[in-house]
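S.K.: For the sequence shown, this note's numbering gives the first residue as 420, with consecutive numbering after it. Even for Gly, the Cβ is constructed at its ideal location relative to N, Cα and C.
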Amino acid sequence: MSDMMLDPQTIARSVARAMADDPDQVGAFVEAIDMGDGVTDFRFATEYRGYEGWQWSVTLFHDEELDRWTVNESSLVPTDQALRPPEWVPWKDRLEPTDLSVTDSIGTDPDDPRLEEGFRRTEPVDERPQTEDGADNAAAVLASDEVASSEDVPTSPDAESGEGSDSEAAATAQSDVDDAVEEFDLSRRHVMSPLGRSQTAKRWYEGPRGPKSLSTKTAGGHTCATCGFFVPLKGELNLLFGVCANKWSPDDGRVVSLDHGCGEHSEIEPPEPTHLWVQSKPAFDDLHIDIIAHAPREESPEVELIERINDRDEDIDANVTAEDDADETEETGVTAEQPQVEETIDLSGDVVPSAEHADDEPDGSDTERSETESADARDAAGESGSQTDTSVRVEPEPESESDDSADPDDSTAQNA
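(1) Which of the three DSSP states, helix, strand or coil, is assigned to Pro838?
(2) Nearest CA to the CA of Gly537: which residue from Gly682, Phe480 and Phe603?
(3) Taking the continuous alpha helix (DSSP H) assigned at Ser433, which residues delimit it?
(4) Quick test of your reading: Ser476 and Val434, contact by CB under 8 Å. State the CB separation rounded to the nearest angstrom.
(5) Buried or exposed for Gln593, please, with buried defined as at least 16 other CB atoms from any protein chain shown within 10 angstroms of its CB.
(6) State the CB to CB distance for the pair Glu691 and His641, rounded to an integer number of angstroms; the pair is presumed to be in contact (CB under 8 Å).
(7) On a CA-only basis, which of Glu466, Pro701, Gly469 and Thr478 is nearest Ile452? Give me that one, please.
(8) Here's the rule: buried if 16 or more other CB atoms are within 10 angstroms of the residue's CB, otherwise exposed. What is Arg432?
(9) Would DSSP call Ala620 helix, strand or coil?
(10) Identify every run of the beta strand (DSSP E) within the region 463–515, keeping only runs that are complete inside it and at least 3 residues long; order them along the chain.
(11) Helix or strand or just coil, what does DSSP make of Ser676?
(12) Let's test the definition: count the other Cβ atoms within 10 Å of the Cβ of Ile430 and tell me whether it reaches 16, buried, or not, exposed.
(13) So, are the CB atoms of Gln474 and Leu495 less than 9 Å apart?
(14) Output yes or no for whether 9 Å exceeds the beta carbon distance between Val445 and Thr465.
(15) When burial is assigned at 16 or more other CB atoms within 10 Å of the CB, is Asp670 buried or exposed?
(16) Which value, in whole angstroms, describes the spacing of the CA atoms of Cys643 and Ser634?
(17) For Arg513 versus Gln618, is the C-beta spacing smaller than 9 Å?
(18) What separation, rounded to the nearest whole angstrom, lies between the Cα atoms of Ala620 and His694?
(19) What is the residue span of the alpha helix (DSSP H) that Leu706 lies within?
(20) Exposed or buried, Phe461, counting other C-beta atoms within 10 Å across all chains shown (16 or more means buried)?
(21) My understanding is that Cys663 touches Gly654, with C-beta atoms under 8 Å, so please give their C-beta distance in whole angstroms.
(22) Within 10 Å of its beta-carbon, does Val521 have 16 or more other beta-carbons around it, so buried, or fewer, so exposed?
(23) Within a Cβ cutoff of 6 Å, which residues of the same chain sit near Gly768, ignoring the five residues on either side of it in sequence?
(24) Could you tell me the distance, in whole angstroms, from the CA atom of Asp848 to the CA atom of Glu471?
(25) Kindly indicate which three-state DSSP category Val610 falls into: helix, strand or coil?
(26) Quick one: residues in its chain with C-beta nearer than 7 Å to the C-beta of Gln500, no 5 flanking neighbours on either side, listed in chain order?
(27) Where does the unbroken beta strand (DSSP E) through Leu534 begin, and where does it stop?
(28) Which residues mark the beginning and the end of the alpha helix (DSSP H) in which Thr635 is found?
(29) Helix, strand or coil for Val664, going by three-state DSSP, please let me know.
(30) Between which two residues does the beta strand (DSSP E) containing Ala451 stretch?
Right, here's the structure in full:
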């Protein structure tokens, strides 16, 4: 017995299990839908994550002559409880007015419900088509009945002059129509239909220039209906809207409602002049950085020479100031704190003892060593420049009054 002669439900289940990624994704049998002409749709529950509410559908065809079942198609179909994406909407229906730029155009459908045909003047048709004899007889009978009924009704002087009043009324009605056509320019090929006008009024009234805007709430009751810069519209929209013509208003040149307000009403008096300046708080923009590109500096020898001279003058002034501070310290008797130096190295290679060991030397050699140390310090200061501050400064001791090297003139004066 071949597979095609098995139970159709078993065949459908095997097909669904073969189509699924995992045989366990095919659940229990739900129902069998007879579609006619020997076609049956077998449905099975879906145990597939993310497809809750979907069903496996396997369509089989039953050949009654051969008593065999063959597979037509198999797929996943959603039910009413299935999670599905929203229905596809054509791009033209998804567009918003703000999506179009000045260079875009979508055109107008011929059957746009917002438009209708304009006014067309038509002439009355006097000629009537000829009818059959039976119709002519029926018309004659109706005419005779009308005449008989009119004879029964008494006439009045107003009725006798009805023909003249009807002609005058017709002429007046025709002139009114012509005035309306000219006033509202209804002779265009298409004009707005009542649906288009109602949609426009709703869109304008609920927009940013209607009574619900923030500017209306802060206008203090000064609405556009009482403003001198309000220009009314024509037609039915005249009942609710107009155009703002105030150049100082943010709504200048735009359609506004009668109960809208912008704060620049024509009846608002200007503020009184004052000489006081009220400084508002400064606003700092800390969200942006301004990058300023400087022009490249031109290399000039004269400018470089001047800068070097200025730098040298500053160094000389600093040295002079340091020397003046040292002289003031000597005069006041205040000794500045200087770093202790253990020894001073002579350029000739001899090591000169420091001031701490000067007391150990004989008295006769104190003056000579002091002079030698002073000369070495001056030589070192002349070569190193900046090292003079750290050298030890030793001054010669003052000579006594009984020194033999006194001035001979003084001794002669004493002997005299």
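M.R.: The structure says:
(1) Absent from the structure is residue 838, since the part of the chain shown begins at 420 and ends at 835.
(2) Stepping through the sequence shown from its first residue, residue 537 is reached at position 118. The candidate whose alpha carbon is nearest that of Gly537 is Phe603.
(3) Counting from 1 along the sequence shown, the entry for residue 433 is found at position 14. Its alpha helix (DSSP H) spans residues Pro427 to Met438.
(4) Start at 1 with the first residue of the sequence shown, and residue 476 comes out as number 57. Start at 1 with the first residue of the sequence shown, and residue 434 comes out as number 15. No, Ser476 and Val434 are not in contact; Cβ-Cβ is about 10 Å, not under 8 Å.
(5) As a working mapping, residue 593 is identified with position 174 in the sequence shown. Exposed, by the Cβ-count rule.
(6) Counting from one through the sequence shown, the residue named residue 691 turns up at place 272. Counting from one through the sequence shown, the residue named residue 641 turns up at place 222. That pair is no contact at about 19 Å.
(7) Position 33 of the sequence shown holds residue 452. Minimum Cα distance to Ile452 is reached at Thr478.
(8) The residue labelled residue 432 in the question sits at position 13 within the sequence shown. Classification of Arg432: buried, given that the 10 Å Cβ count is 16 or more.
(9) Residue numbering aside, residue 620 sits at position 201 when the sequence shown is read from its first letter. Correct three-state label for Ala620: helix.
(10) 473–482 and 487–497
(11) The residue labelled residue 676 in the question sits at position 257 within the sequence shown. Of the three classes helix, strand and coil, the one that applies to Ser676 here is strand, per DSSP.
(12) On the sequence shown, position 11 is the one that residue 430 refers to. Result: buried.
(13) For the purposes of this step, residue 474 is taken as residue 55 along the sequence shown, with counting starting at 1. For the purposes of this step, residue 495 is taken as residue 76 along the sequence shown, with counting starting at 1. Cβ distance < 9 Å, so Gln474 and Leu495 count as in contact.
(14) Counting from 1 along the sequence shown, the entry for residue 445 is found at position 26. Counting from 1 along the sequence shown, the entry for residue 465 is found at position 46. Taking 9 Å as the Cβ cut-off, Val445 and Thr465 qualify as a contacting pair.
(15) The sequence position of residue 670 within the sequence shown is 251, counting from 1. Classification of Asp670: buried, given that the 10 Å Cβ count is 16 or more.
(16) Here residue 643 refers to the residue found at position 224 when the sequence shown is read from its first residue. Here residue 634 refers to the residue found at position 215 when the sequence shown is read from its first residue. Taking the straight line from one Cα to the other gives about 12 Å.
(17) What you label residue 513 is simply residue 94 of the sequence shown in a count that begins at 1. What you label residue 618 is simply residue 199 of the sequence shown in a count that begins at 1. Result no, Cβ atoms of Arg513 and Gln618 do not sit closer than 9 Å.
(18) Along the sequence shown, one-based indexing puts residue 620 at 201. Along the sequence shown, one-based indexing puts residue 694 at 275. Roughly 47 Å separates the two Cα atoms.
(19) Walking along the sequence shown from the start, residue 706 turns up at place 287. Segment: none, Leu706 is in no alpha helix (DSSP H) and carries neither H nor E.
(20) What you label residue 461 is simply residue 42 of the sequence shown in a count that begins at 1. Buried is the call here.
(21) Here the question's residue 663 lines up with position 244 in the sequence shown. Here the question's residue 654 lines up with position 235 in the sequence shown. That pair is no contact at about 18 Å.
(22) On the sequence shown, residue 521 is found 102 positions in, with the first residue counted as 1. So Val521 ends up on the exposed side.
(23) Within the sequence shown, residue 768 is the residue found at index 349, counting from 1. Confidence at Gly768 is low in this model, with a pLDDT of 49, below 50, so its placement is unreliable and no value can be given for it.
(24) Residue 848 lies beyond the range of the chain shown here (420 to 835); nothing can be said about it.
(25) Here residue 610 is taken as the residue at index 191 of the sequence shown, counted from 1. Looking at Val610 - three-state DSSP - the assignment turns out to be strand.
(26) Here residue 500 is taken as the residue at index 81 of the sequence shown, counted from 1. For Gln500, where only same-chain residues beyond five positions count, the Cβ hits under 7 Å are Gly472.
(27) By one-based count along the sequence shown, residue 534 stands at place 115. Leu534 to Glu536 is the span of the beta strand (DSSP E), which, as asked, contains Leu534.
(28) Within the sequence shown, the letter at position 216 stands for residue 635. Its alpha helix (DSSP H) spans residues Leu633 to Lys636.
(29) Along the sequence shown, read from residue 1 onward, the residue named residue 664 stands at position 245. Sequence inspection shows Ala at residue 664; the Val mentioned does not correspond to that position. Reduced to three states, the DSSP call for Ala664 is coil.
(30) For the purposes of this step, residue 451 is identified with residue 32 of the sequence shown, where counting begins at 1. Element bounds for Ala451: Val445 to Gly455.
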